[in-house]
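S.K.:
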Amino acid sequence: MTSSPGGIGARTLRLLRHPVLRRLAQAFFVAFLLMVFAFLLIRLIPGDPAMILLGDEATEEDVIAYRKLLGIDGSIPSQFGRYVANLVRGDFGVSIRSREPVLSIVGKRLPVSLWLTVTTIVMTIGLALPLGVAAALYRRTWFGHAFQIGASVMVATPVFFSGLLLILLFAVQVNLAPIAGYHAGFPANLYYLWLPALTINFVLVPVLSRILQSSIVETSSEEFVEAAIIRGTQGWRFYWRYLLRPSLAPTIAALGYFAATVVSYAVIIEIIFNLPGLGMTLVDAVRNRDYPLVQGIVFLSGLLVVGLTFMADLVNGWLDPRAKIR
Amino acid sequence: MIDAANLSLDRRQAVGIVGESGSGKTMLCRALIGTLPRHGAKIVSGTVRFDGQDLAGAPERVWRGIRGREIGYIPQSSLAGLNPVLTVETQLVESIAAVGSMSRQQAREEAVALIERVQIPRAEQVLKARSHELSGGMRQRVMIAAAIAQGPKLLIADEPTTALDVTIQREILNLITQLRQELNMALILVSHDLAVIEEVCDEVMVMYAGASVEAGPVAALSKAPRHPYTRALRVSRVDRAAPGRDLEAIPGDAASVGSWPAGCRFWPRCGLADEACRRDSQPALMPAGEQLSACIHAERMAEMEQ
Ligand SMILES: Nc1ncnc2c1ncn2[C@@H]1O[C@H](COP(=O)(O)OP(=O)(O)OP(=O)(O)O)[C@@H](O)[C@H]1O
Ligand code: SF4
Ligand SMILES: [Mg+2]
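So the sequences go chain by chain: A and B. Just so you know, we're using the working numbering here: the first sequence kicks off at 40 and counts up by one. Just so you know, we're using the working numbering here: the second sequence kicks off at 2 and counts up by one.
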């Protein structure tokens, strides 16, 4: 095999400049920052966490042992070195409360949150897409005005309020959903998830469909839309190729972003609906000052967010080449 | 409302429309393909006759059969006329396939032929490209290809050379002239540049403030204009004026919609204006010399020539 080093260099360089790789590098960078953040989380708490957790009566040995357990013994750089090495090996420490490895706790709770996220996003797409399109096409009719008002009201409604309202309506009045609780296993779990997902969508759908609406309206004044009409393009081709597709980029970017916020919405939602997901676990962990668990959840759910944003970017690059050149 | 735009042309004829920015050239062209844009613009009176068929009040269904198929249209600012998310091929195939049932393969071959017809080298590569990967001249050629995709009888080109380099302008004009002969199409060419129209067209129509003010054979208008505005245009010779710019050599500003004066709309800028011009409404086109003029003092202009 004889290939000139120059050739390889050029090819590698070109590959490195590939947008997908650049995004990936960005994602890794963000993940790294996240790791540092999670690391600092325990260390920035005023006072000595070990002392706080053990109380005044703790012996010197207890405190030292506890510091070791929390990974806060030794110098900061050496702590960081151990922390990174452990993470790379998949060791996130153990929960102070249950002494169970953080990773296994997260492994048990994460699926619930993931299912909630996926259900929510599928529902978001299913509702926001037709609504946004309709709101753009009929924006000068009564529907458009009703949409504007309805969307504003819905966005302004706090999640806990709309959640309770929906529970009252769908779980108490008509028996279409449980009041609370969860059972694992698809598709049975959808029965428990659709109402929480709808609650989150009370905020997401209005926001996203409005973004979509305004970008469709913007697109519709583009010269190429006019040119397509003049050329005689009609039917689904016209709507999909000339109005919808060029308008999707901002909506998908926002969807990626909101998919990320679903994780933090999950905290409230999981409490309202008593879903045993990551959000609920996080709240418990904070209440119990279970620092390793908090650290692990912050880092892992952050990773999830980074992954979702990355995926949204990929979809965008595929749908709209303009997004790629930027 | 476009006043007194009397535009008729036979097959193989080329008519030019010239006038300052905002004089309603685009409006007139759009009326001709039944897509008057935005804000409920509509033809208040008059007829649009194509192949003996009156289209002015025709339903959308009829227009659809006309657009692209009978009348090809190169829109103004067509440099932004290509969909940035689609390839050239997708858009060309779409323009072709609008004709009827045609296999993918056939449509593709047709697209290649079209690209070659508008003299773009490396057709395969350009078909795969998207708008932002093409130069202005290339985009304009693609737009022309899309306009002639279905072999229309009439081609309307709305300022096809503005915003292009001077050398490219020439190429595009040559291309349009050549295609017109090859495909046996009539042509309506809109331009700011009277010189361009004199070169390419047989007939010319001068527009001012939404009205056609002089119309007739190119030679007649250039030899003996019978409307002061036309003469001002000729004298000022604002070749390749940027769109939206005023003709500097003509005193005063071009009247914009809504601020059209009573009487002849040109009077505030006209050297021949008198009481009569201010009093009546916009004069209609009347025979004057070999052409039609909307100036009540057209005869005085004829005397001045001598
Ligand atoms: N006859 C008319 N009746 C009503 N409105 C008119 C008329 N002519 C022009 N307008 C108005 O003037 C505006 C400019 O007209 P138009 O775009 O046709 O000008 P143009 O001659 O094509 O200018 P440009 O050289 O800048 O392209 C239009 O948006 C339209 O609203
Ligand atoms: S009618 Fe009067 S104002 Fe109008 S162009 Fe003729 S001379 Fe000038
Ligand atoms: Mg125009």
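Idealized CB from N, CA, C, for every residue including glycine.
Return yes when the C-beta of A:Glu265 is under 7 Å from any heavy atom of ligand 3, and no when it is not.
M.R.: The count along the first sequence starts at 1 and reaches residue 265 of chain A at position 226. No.
S.K.: Output needed for B:Ala243: all residues of its chain with C-beta closer than 6 Å, excluding positions within five of it in sequence on either side, in chain order.
M.R.: Here residue 243 of chain B refers to the residue found at position 242 when the second sequence is read from its first residue. The pLDDT assigned to B:Ala243 is 43, lower than 50, so where the model puts this residue is not dependable; a value taken from the coordinates is nonetheless given after this. Taken in chain order, the list of residues that qualify is empty.
S.K.: Measure how close the beta-carbons of B:Cys30 and B:Ile189 come, nearest whole angstrom, since I'm counting them as under 8 Å.
M.R.: Along the second sequence, one-based indexing puts residue 30 of chain B at 29. Along the second sequence, one-based indexing puts residue 189 of chain B at 188. Their Cβ separation, rounded to whole angstroms, is 7 Å, which keeps B:Cys30 and B:Ile189 in contact under 8 Å.
S.K.: Using 7 Å as the cut-off, classify the Cβ of B:His193 as near or not near the heavy atoms of ligand 1, replying yes or no.
M.R.: Mapped onto the second sequence, residue 193 of chain B falls at position 192. B:His193 Cβ: within cutoff of ligand 1.
S.K.: Could you name the residues of chain B that A:Asp359 contacts, counting a contact when the two beta carbons are closer than 9 Å?
M.R.: For the purposes of this step, residue 359 of chain A is taken as the residue at position 320 of the first sequence. Under the 9 Å cutoff, chain B gives Pro85 and Val86.
S.K.: Does the segment 84-95 of chain B come into contact with the segment 140-157 of chain B, if we say contact requires no fewer than three beta-carbon pairs (one atom in each stretch) closer than 8 Å?
M.R.: yes
S.K.: Can you list, in chain order, every residue whose CB sits closer than 5 Å to a heavy atom of ligand 2?
M.R.: The filter returns B:Pro229, B:Cys265, B:Phe267, B:Trp268, B:Cys271, B:Leu273, B:Ala274, B:Cys278, B:Cys296, B:Ile297 and B:His298, in chain order.
S.K.: Measuring CA to CA, which of B:Val205, B:Pro153, B:Thr163 and B:Asp203 is closest to B:Leu180?
M.R.: Along the second sequence, read from residue 1 onward, the residue named residue 180 of chain B stands at position 179. That would be B:Pro153, whose Cα lies nearest to the Cα of B:Leu180.
S.K.: When you compare only the Cα positions, how much space is there between A:Ile291 and A:Phe297?
M.R.: The count along the first sequence starts at 1 and reaches residue 291 of chain A at position 252. The count along the first sequence starts at 1 and reaches residue 297 of chain A at position 258. One C-alpha to the other measures close to 10 Å.
S.K.: Compute the Euclidean distance between the alpha carbons of A:Met73 and A:Gly132, then round it to the nearest angstrom.
M.R.: If you number the first sequence from 1, residue 73 of chain A lands on position 34. If you number the first sequence from 1, residue 132 of chain A lands on position 93. Before going on, a small fix: residue 73 of chain A reads as Leu here, not Met. Distance between the alpha carbons of A:Leu73 and A:Gly132 is about 17 Å.
S.K.: For the alpha helix (DSSP H) holding A:Ser137, just list the boundary residues, first then last.
M.R.: Locating residue 137 of chain A in the first sequence gives position 98, counting from the first residue. Per DSSP, A:Ser137 belongs to no alpha helix (DSSP H) and is neither H nor E.
S.K.: State the beta-bridge partners of B:Ile18 as determined by DSSP.
M.R.: Here residue 18 of chain B refers to the residue found at position 17 of the second sequence. Answer by DSSP bridge pairing, in chain order: B:Val191 and B:Met206.
S.K.: Give the list of continuous alpha helix (DSSP H) stretches no shorter than 4 residues that lie fully inside the segment 77-149 of chain B.
M.R.: 89-98, 105-118, 124-129 and 137-148
S.K.: List the whole-angstrom C-beta distance separating B:Ile173 from B:Thr162, where the pair is believed to meet the contact cut-off of C-beta under 8 Å.
M.R.: Here residue 173 of chain B is taken as the residue at index 172 of the second sequence, counted from 1. Here residue 162 of chain B is taken as the residue at index 161 of the second sequence, counted from 1. About 5 Å; that satisfies the 8 Å criterion.
S.K.: According to DSSP, is B:Asp159 part of a helix, a strand, or is it coil?
M.R.: Translated into positions along the second sequence, residue 159 of chain B becomes position 158. In the structure shown, B:Asp159 sits in a strand (DSSP, three-state: E or B).
S.K.: Over what stretch of residues does the beta strand (DSSP E) that includes B:Gly217 continue unbroken?
M.R.: Along the second sequence, one-based indexing puts residue 217 of chain B at 216. Start and end: Ala212 to Pro218.
S.K.: Strictly under 8 Å for the Cβ-Cβ distance: is A:Ile139 near chain B by that measure?
M.R.: Indexing the first sequence from 1 puts residue 139 of chain A at position 100. It is Glu, not Ile, that sits at residue 139 of chain A in the sequence shown. For A:Glu139, the answer is no, since every Cβ of chain B falls outside 8 Å of its Cβ.
S.K.: Check whether the Cβ atoms of A:Phe78 and A:Tyr105 lie closer than 8 Å to each other.
M.R.: For the purposes of this step, residue 78 of chain A is taken as the residue at position 39 of the first sequence. For the purposes of this step, residue 105 of chain A is taken as the residue at position 66 of the first sequence. In this structure, A:Phe78 lies away from A:Tyr105, with their beta-carbon atoms at least 8 Å apart.
S.K.: If you count every other CB in all the chains shown that lies within 10 Å of the CB of B:Lys26, and 16 or more means buried, which is it?
M.R.: Indexing the second sequence from 1 puts residue 26 of chain B at position 25. Classification for B:Lys26: buried.
S.K.: Assign B:His40 to one of three DSSP states: helix, strand, or coil.
M.R.: Mapped onto the second sequence, residue 40 of chain B falls at position 39. Summary for B:His40: the model assigns pLDDT 46, below 50, so the residue's position carries little reliability, and this model does not support an answer.
S.K.: Cβ of A:Gly183 versus every heavy atom of ligand 4: is any distance shorter than 7 Å?
M.R.: Ligand 4 is not among the ligands present in this structure, which contains only ligand 1, ligand 2 and ligand 3.
S.K.: What residue does the alpha helix (DSSP H) around A:Met193 start on, and which one ends it?
M.R.: Walking along the first sequence from the start, residue 193 of chain A turns up at place 154. First-last of the alpha helix (DSSP H) with A:Met193: Trp181 to Ala195.
S.K.: Counting pairs of beta carbons, one from the segment 102-115 of chain B and one from the segment 297-316 of chain A, are three or more of them closer than 8 Å?
M.R.: no
S.K.: Thinking C-alpha only, which one of B:Val201, B:Ala216 and B:Tyr230 is nearest B:Leu317?
M.R.: There is simply no residue 317 of chain B to check, as chain B begins at 2 and stops at 307 in what is shown.
S.K.: Taking 8 Å as the cut-off, decide whether the C-beta atoms of A:Pro88 and A:Leu63 are in contact.
M.R.: Reading the first sequence from its first residue, position 49 is the one you call residue 88 of chain A. Reading the first sequence from its first residue, position 24 is the one you call residue 63 of chain A. Going by C-beta atoms, A:Pro88 is not nearer than 8 Å to A:Leu63.
S.K.: Does the segment 275-290 of chain A come close enough to the segment 252-262 of chain A to have 3 or more Cβ pairs within less than 8 Å?
M.R.: yes
S.K.: Under DSSP, the alpha helix (DSSP H) around B:Met287 begins and ends at which residues?
M.R.: Numbered from 1 along the second sequence, position 286 holds the residue referred to as residue 287 of chain B. Where B:Met287 is concerned, there is no enclosing alpha helix (DSSP H), although the beta strand (DSSP E) around it starts and stops at Met287 to Ala289.
S.K.: From this set, B:Ile75, B:Tyr74 and B:Pro229, which residue's C-alpha is nearest B:Met302's C-alpha?
M.R.: For this step, residue 302 of chain B is matched to residue 301 along the second sequence. Answer by Cα proximity: B:Pro229.
S.K.: For ligand 1, any of its heavy atoms closer than 7 Å to the Cβ of B:Glu215?
M.R.: For this step, residue 215 of chain B is matched to residue 214 along the second sequence. Incorrect: B:Glu215 has no Cβ contact closer than 7 Å to ligand 1.
S.K.: Heavy atom of ligand 1 less than 7 Å from the Cβ of B:Gly137, yes or no?
M.R.: Stepping through the second sequence from its first residue, residue 137 of chain B is reached at position 136. Incorrect: B:Gly137 has no Cβ contact closer than 7 Å to ligand 1.
S.K.: Under 8 Å Cβ to Cβ from A:Asp130, same chain only, skipping five residues before and after it: list those, please.
M.R.: Taking the first residue of the first sequence as position 1, residue 130 of chain A is located at position 91. Closer than 8 Å at Cβ, skipping near neighbours: Pro140 and Leu142.
S.K.: Where does B:Tyr74 fall in DSSP's three states?
M.R.: In the second sequence, the residue the question calls residue 74 of chain B occupies position 73. Looking at B:Tyr74 - three-state DSSP - the assignment turns out to be strand.
S.K.: At a threshold of 7 Å, does A:Ser286 count as lining ligand 1 (C-beta to nearest heavy atom)?
M.R.: Translated into the one-based positions of the first sequence, residue 286 of chain A becomes position 247. Incorrect: A:Ser286 has no Cβ contact closer than 7 Å to ligand 1.
S.K.: Among A:Ile84, A:Ala236, A:Leu80 and A:Gln118, which has the Cα closest to the Cα of A:Gly165?
M.R.: As a working note, residue 165 of chain A is residue 126 in the first sequence. Checking every option, the nearest Cα to that of A:Gly165 belongs to A:Ala236.
S.K.: Can you check which of these residues, A:Ile308, A:Thr180, A:Leu347 and A:Arg249, is closest to A:Gly220 by C-alpha distance?
M.R.: Locating residue 220 of chain A in the first sequence gives position 181, where the first residue counts as 1. It is A:Ile308.
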